[in-house]
Ligand code: 13P
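Residue numbers (the working numbering): 2 to 249.
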């Protein structure tokens with residue numbers, strides 16, 4: 002049985018002070034042991050959020066990391082730095098980073114491997130554009146992202162990696178994929194994992210859906226057989242995040 006995960010991706014929102022206010026508001030409402038609740042926050046907020054979630058079941062996540070350990074990479078954050086302040090998860094390969102910061106599948110793969118090297122669980126995002134969906138190449142595109150992004154993973158790592166299926170056309174648009182559309186692609190991802198690592202492992206890997214998830218649509222999406230939770234953008238910046246975590 003896969004443990005449900007609900008992760009918030011704050012993107013470039015909230016100052017450290019605002020971050021503490023939001024976590025204070027949320028923390029009593031999202032105290033669940035049966036679900037992995039993760040807050041992925043901007044690097045500048047990590048320490049403040051780490052302090053605020055102490056003695057709760059909420060886990061700390063980063064939104065990005067660099068694939069080198071240290072060195073002349075102005076503005077970047079390394080896995081060592083994240084690890085030291087208690088980061089357990091890191092988002093890798095979000096479509097915004099792939100498009101605005103030109104992150105290729107090869108870079109995504111290096112980041113996935115680096116996160117694991119430091120005991121941080123990567124949440125690797127994949128997803129198609131509207132054009133790719135209209136051209137009926139969604140599954141093909143996603144399979145390439147999964148295969149290249151997870152290249153070289155050990156069986157144990159493949160079991161623990163989290164994959165987030167986020168159709169680009171559903172991100173921040175209020176246009177959520179239907180339950181069936183989301184399930185179809187999450188199932189295709191699991192089939193791809195089966196080909197790569199075998200069924201036993203594929204059955205253990207968590208696959209999330211992301212794209213306009215809110216407190217009203219979460220329960221139906223999460224009820225689909227291959228959807229193990231959600232990666233939430235806009236709705237994670239407000240009280241509605243608690244409704245998503247507590248969805249049936
Ligand atoms: P929204 O929930 O705002 O659509 O964002 C989804 C997302 O990009 C999460 O990583």
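Glycine included, every Cβ here is placed at the ideal spot set by N, Cα and C.
Inter-residue spacing [alpha-carbon to alpha-carbon] between residue i and residue j
i           : j           : result
residue 4   : residue 68  : 28 angstroms
residue 175 : residue 185 : 20 angstroms
residue 50  : residue 6   : 19 angstroms
residue 232 : residue 8   : 5 angstroms
residue 139 : residue 133 : 6 angstroms
residue 197 : residue 207 : 15 angstroms
residue 103 : residue 11  : 20 angstroms
residue 181 : residue 95  : 22 angstroms
residue 21  : residue 199 : 42 angstroms
residue 241 : residue 86  : 27 angstroms
residue 191 : residue 214 : 21 angstroms
residue 136 : residue 26  : 43 angstroms
residue 228 : residue 101 : 27 angstroms
residue 169 : residue 156 : 29 angstroms
residue 249 : residue 143 : 28 angstroms
residue 78  : residue 225 : 36 angstroms
residue 84  : residue 56  : 18 angstroms
residue 40  : residue 2   : 23 angstroms
residue 210 : residue 129 : 13 angstroms
residue 205 : residue 75  : 37 angstroms
residue 52  : residue 141 : 42 angstroms
residue 19  : residue 46  : 9 angstroms
residue 34  : residue 99  : 33 angstroms
residue 167 : residue 31  : 23 angstroms
Whole-number beta carbon distance between residue j and residue i, since they are thought to touch under 8 angstroms
i           : j           : result
residue 216 : residue 236 : 7 angstroms
residue 91  : residue 63  : 4 angstroms
residue 212 : residue 171 : 3 angstroms
residue 70  : residue 238 : Not confirmed; about 32 angstroms, so no contact.
residue 147 : residue 193 : 5 angstroms
residue 119 : residue 73  : Residue 119 to residue 73, Cβ: 20 angstroms. No contact.
Proximity winner among the options, relative to residue i (alpha-carbon distances)
i           : options               : result
residue 230 : 84, 196, 46 and 183   : 183
residue 38  : 30, 51 and 60         : 60
residue 202 : 53, 159, 139 and 54   : 159
residue 219 : 240, 194, 246 and 116 : 246
residue 65  : 115, 27 and 53        : 115
residue 105 : 145, 225, 173 and 34  : 145
residue 44  : 197, 16 and 205       : 16
residue 259 : 93, 136 and 99        : In the structure as shown, the chain begins at 2 and stops at 249. Residue 259 is therefore absent and cannot be evaluated.
residue 179 : 221, 191, 130 and 156 : 221
residue 173 : 76, 33, 248 and 97    : 97
residue 223 : 156, 36 and 55        : 36
residue 121 : 82, 225 and 143       : 82
residue 29  : 58, 248, 205 and 195  : 58
residue 234 : 42, 31 and 2          : 42
residue 131 : 88, 177 and 89        : 177
residue 88  : 75, 204, 76 and 48    : 48
Where the alpha helix (DSSP H) through residue i begins and ends
i           : result
residue 101 : 96-101
residue 148 : 139-150
residue 57  : Unbroken run through residue 57: none, as it is neither H nor E.
residue 23  : 17-28
residue 1   : Since the displayed the chain opens at 2 and closes at 249, residue 1 lies outside it and no answer follows.
Limits of the unbroken beta strand (DSSP E) element including residue i
i           : result
residue 8   : 5-10
residue 207 : 207-211
residue 53  : First-last for residue 53: 47-53, but that is the alpha helix (DSSP H), not the beta strand (DSSP E).
residue 163 : 163-166
residue 42  : 36-42
residue 88  : Premise fails: residue 88 is in no beta strand (DSSP E) and is neither H nor E.
- Query: Do the segment 124-133 and the segment 156-166 meet, that is, are 3 or more Cβ pairs less than 8 angstroms apart?
  - Reply: yes
- Quick one: any contact between the segment 102-112 and the segment 141-155, if contact means 3 or more CB pairs under 8 angstroms? yes
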